[in-house]
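Comments concern the structure below.
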Amino acid sequence: MEERRKRIFSGIQPSGELTLGSYMGAIRNWVALQEEYDCLYCIVDEHAITVRQDPAQLRRRCVAQLAQYIACGLDPEKNIMFIQSHVPQHAELAWILGCYTQFGELSRMTQFKAKSQQHADNITAGLFTYPVLMAADILLYQADLVPVGEDQRQHVELTRDIAQRFNGVYSDTFVLPEAFIPKLGARIMSLDDPTAKMSKSVPEGCINLMDPPEVIMRKFKRAVTDCETAVKYDRENKPGISNLLTIYCAATGKTLAEAEAAFAGQGYGVFKPAVGEAVVELFRPIREESERIMGDKAYLESVYKTGAQRAQQLAVRTLGKVQRKIGFVAR
Ligand code: ATP
Ligand code: LTN
18 MEERRKRIFS GIQPSGELTL GSYMGAIRNW VALQEEYDCL YCIVDEHAIT VRQDPAQLRR
78 RCVAQLAQYI ACGLDPEKNI MFIQSHVPQH AELAWILGCY TQFGELSRMT QFKAKSQQHA
138 DNITAGLFTY PVLMAADILL YQADLVPVGE DQRQHVELTR DIAQRFNGVY SDTFVLPEAF
198 IPKLGARIMS LDDPTAKMSK SVPEGCINLM DPPEVIMRKF KRAVTDCETA VKYDRENKPG
258 ISNLLTIYCA ATGKTLAEAE AAFAGQGYGV FKPAVGEAVV ELFRPIREES ERIMGDKAYL
318 ESVYKTGAQR AQQLAVRTLG KVQRKIGFVA R
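Laid out in structure tokens, this is it:
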């Protein structure tokens, strides 16, 4: 029998512009993995509405994000690329899995704690159960690997726990997924505050994939660092410079030792613009290609419609199996 190729699922919320963080932590690996795996790459609009979104912006960002995925090098022929809300099985499975998830487990999620502080006036049930929807995304497609940044590790672990629990009660149903986290760039820090994660919902200190070169250069020149001069990696004592070194190495393919040697004795005035230039060159073709693709709305529509159809074919199988196992009457 032909062996099934390993499957990958990942997604990003259209809750803001794609950032250097999401590129280094996630998308770069998606591109690298597309040759060897069967991949589904999603735009998770249902996750985005766990905090308030402007409807027109949300609609625009979903399509722009798809164009940016493609511009980053994801091939819609090789991968299934779609919008989460176009495949209703995600929400259906999430409801079921929510009945196999403990309140205590969700209360421990660090992203929930952080977001409920950020949105103290709007802590919704959706924000709380967000990780259950993420588990549904992953388990619906029997994904083996989930390429994400470090901040999502806890959610993937929870997904495993839910899957294992369900399998234990009803016999093997779900593949147990694993997080796939890059060695370099798994946690890019804010340029304004190198002790906080670079995050698209906090625009200060954030580099966007679509930022023009002069904006990228300005943000890097202003990046917060320490008041020494040596370009040396020391996460404890020099978090700003260490973050810039990580970005430089991830953008150029150099090792930390090579980068330190290249800037020995040169000071931050030379180093910071060099990091900016490396990122400008990395993003330039992506930005240009993305602008081109955005001009072809019919093409983008055909990609997300085909993607949703292909995804749904896989999703109905898992959902049907789950419904049977838990005792729902067949339709
Ligand atoms: P938000 O600010 O809305 O929480 P975000 O900027 O954290 O958004 P997400 O949509 O939550 O971005 O994340 C998209 C993907 O990029 C996830 O796999 C996440 O782990 C990864 N990622 C996000 N920020 C970073 C970062 N600073 N460094 C590395 N990976 C990141
Ligand atoms: N929670 C993720 C986005 C996300 C996701 C997923 C990632 C939603 N569903 C499934 C991987 C697999 C985040 O980036 N904040």
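In our numbering, the protein residues as written are 18 to 348. All C-beta atoms in this analysis are idealised placements derived from N, C-alpha and C, irrespective of residue type, glycine included.
Inset, instruction - Work out the CA separation of R22 and Q330 for me, nearest whole Å. - result: If you number the sequence shown from 1, residue 330 lands on position 313. If you number the sequence shown from 1, residue 22 lands on position 5. So the alpha carbons of these two residues sit roughly 17 angstroms apart.
Inset, instruction - Identify whether D154 lies in helix, strand or coil by the three-state DSSP scheme. - result: Working through the sequence shown from its first residue, we reach residue 154 at position 137. Here D154 sits in helix by DSSP.
Legend entry - Those runs of the beta strand (DSSP E) which lie wholly inside the segment 174-251 and span at least 3 residues: 195-197
Legend entry - Cβ shell of P148 (< 7 angstroms), same chain only, five flanking positions each side left out: What you label residue 148 is simply residue 131 of the sequence shown in a count that begins at 1. Around P148: L123, M126, H172 and L175.
Inset, instruction - Go to D62, then tell me how far its alpha helix (DSSP H) extends in each direction, as first and last residue. - result: Taking the first residue of the sequence shown as position 1, residue 62 is located at position 45. Note, D62: alpha helix (DSSP H), D62 to A65.
Legend entry - Selected residue, minimal CA-CA separation from Q134, among F191, A276 and V68: Taking the sequence shown and counting its residues from 1, the one referred to as residue 134 is at position 117. Nearest of F191, A276 and V68 to Q134, Cα basis: V68.
Inset, instruction - Could you tell me the distance, in whole angstroms, from the CA atom of K342 to the CA atom of A111? - result: Position 325 of the sequence shown, counted from the start, is the residue given in the question as residue 342. Position 94 of the sequence shown, counted from the start, is the residue given in the question as residue 111. Rounded to whole angstroms, K342 to A111 spans 16 angstroms at the Cα level.
Legend entry - Cβ contact check for the segment 190-205 and the segment 45-52: 3 or more pairs under 8 angstroms: yes
Legend entry - Distance, A160 Cα to M294 Cα: In the sequence shown, counting from the first residue as 1, residue 294 sits at position 277. In the sequence shown, counting from the first residue as 1, residue 160 sits at position 143. Just to set this straight, residue 294 is Glu in the shown sequence, not Met. Between E294 and A160, the C-alpha separation is close to 37 angstroms.
Inset, instruction - Please confirm whether any heavy atom of the ligand PLP lies closer than 7 angstroms to the CB of G38. - result: You won't find the ligand PLP in this model; what it holds is the ligand ATP and the ligand LTN.
Legend entry - beta-carbon A2 near the ligand ATP non-hydrogen atom, thresh 7 angstroms: An answer regarding residue 2 cannot be provided, because it is not within the stretch 18 to 348 covered by the chain.
Inset, instruction - Below 8 angstroms CB to CB, which residues in the same chain sit around E52 once its five sequence neighbours on both sides are set aside? - result: Translated into positions along the sequence shown, residue 52 becomes position 35. Taken in chain order, the residues that qualify are K95.
Legend entry - Opposing strand residues paired with R24 [DSSP bridges]: Taking the sequence shown and counting its residues from 1, the one referred to as residue 24 is at position 7. Under DSSP, R24 takes part in a beta bridge, and its partners are D55.
Inset, instruction - From the DSSP output, in three-state form, read off I140 for me. - result: Reading the sequence shown from its first residue, position 123 is the one you call residue 140. Correct three-state label for I140: coil.
Inset, instruction - Kindly list the residues whose CB is nearer than 6 angstroms to the CB of R304, restricted to its own chain and excluding five residues on each side of it in sequence; keep chain order. - result: Within the sequence shown, residue 304 is the residue found at index 287, counting from 1. These residues qualify, in order along the chain: M227.
Legend entry - Contact set for F237: own chain, Cβ-Cβ below 6 angstroms, skip 5 residues either direction: Position 220 of the sequence shown, counted from the first residue, corresponds to residue 237. K289, V292 and G293, listed in sequence order.
Legend entry - Q70 CB to nearest heavy atom of the ligand LTN below 7 angstroms: Within the sequence shown, residue 70 is the residue found at index 53, counting from 1. With a cutoff of 7 angstroms, Q70 does not count as near the ligand LTN, since its C-beta is closer than that to no heavy atom of the ligand.
Inset, instruction - Report the three-state DSSP secondary structure of M311 (helix, strand or coil). - result: Taking the sequence shown and counting its residues from 1, the one referred to as residue 311 is at position 294. DSSP places M311 in helix when its eight states are reduced to three.
Inset, instruction - With a 10 Å radius around its C-beta and 16 neighbouring C-beta atoms as the bar for buried, classify N254 as buried or exposed. - result: Within the sequence shown, the letter at position 237 stands for residue 254. Flag for N254 reads exposed.
Inset, instruction - Go through its chain and collect everything with a Cβ distance to L91's Cβ below 7 angstroms, but skip five positions before and after it. - result: One-based indexing of the sequence shown puts residue 91 at position 74. Once the five neighbours on either side are set aside, the close Cβ partners of L91 are W47, V48, Q51, Y58 and M98.
Inset, instruction - Starting from L162, trace the beta strand (DSSP E) both ways and give me its first and last residue. - result: Numbered from its first residue, the sequence shown carries residue 162 at position 145. L162 to P164 is the extent of the beta strand (DSSP E) around L162.
Legend entry - Where K132 sits in the DSSP three-state scheme: To locate residue 132, count along the sequence shown from 1; it is residue 115. Of the three classes helix, strand and coil, the one that applies to K132 here is helix, per DSSP.
Inset, instruction - Using 7 angstroms as the cut-off, classify the Cβ of G28 as near or not near the heavy atoms of the ligand LTN, replying yes or no. - result: Position 11 of the sequence shown, counted from the first residue, corresponds to residue 28. Yes, since a heavy atom of the ligand LTN falls inside the 7 angstroms radius drawn around the Cβ of G28.
Inset, instruction - Mind checking which residues open and close the alpha helix (DSSP H) that includes F120? - result: Locating residue 120 in the sequence shown gives position 103, where the first residue counts as 1. Residues F120 to S124.
Inset, instruction - Return yes when the Cβ of L150 is within less than 8 angstroms of the Cβ of H107, no when it is not. - result: Within the sequence shown, residue 107 is the residue found at index 90, counting from 1. Within the sequence shown, residue 150 is the residue found at index 133, counting from 1. Yes, these two residues count as a Cβ contact at 8 angstroms.
Inset, instruction - Give the secondary structure of T269 by DSSP, where H, G and I count as helix, E and B as strand, and everything else as coil. - result: Counting from one through the sequence shown, the residue named residue 269 turns up at place 252. If DSSP states are grouped into helix, strand and coil, T269 belongs with the helices.
Legend entry - Pick from D178, N139, I140 and E167 that is closest to I155, judged by C-alpha positions: The count along the sequence shown starts at 1 and reaches residue 155 at position 138. Looking at the Cα atoms, D178 is the closest of the given residues.
Inset, instruction - Give a yes or no on contact between the segment 308-320 and the segment 73-83, applying the rule of three or more CB pairs nearer than 8 angstroms. - result: Contact holds: three or more Cβ-Cβ distances are below 8 angstroms.
Inset, instruction - Could you work out which residue in P229, A73 and K214 is closest to L299 when comparing CA atoms only? - result: Here the question's residue 299 lines up with position 282 in the sequence shown. Taking only the C-alpha atoms, the option nearest L299 is P229.
Inset, instruction - Hey, could you find the ends of the alpha helix (DSSP H) I87 is sitting in? - result: Working through the sequence shown from its first residue, we reach residue 87 at position 70. Its alpha helix (DSSP H) spans residues P72 to A88.
Inset, instruction - Consult DSSP for F345 and reduce its assignment to one of helix, strand or coil. - result: Numbered from 1 along the sequence shown, position 328 holds the residue referred to as residue 345. If DSSP states are grouped into helix, strand and coil, F345 belongs with coil.
Inset, instruction - Indicate, with yes or no, if the ligand LTN has a heavy atom lying under 7 angstroms from the CB of M151. - result: By one-based count along the sequence shown, residue 151 stands at place 134. For the ligand LTN, at least one heavy atom lies less than 7 angstroms from the Cβ of M151.
Legend entry - Touching by the beta-carbon criterion (3+ pairs, under 8 angstroms), the segment 204-222 and the segment 29-43: Cβ pair count under 8 angstroms is three or more, so yes.
Legend entry - Through-space distance from M234 to F183, alpha-carbon basis: Within the sequence shown, the letter at position 166 stands for residue 183. Within the sequence shown, the letter at position 217 stands for residue 234. Taking the straight line joining both Cα atoms gives about 50 angstroms.
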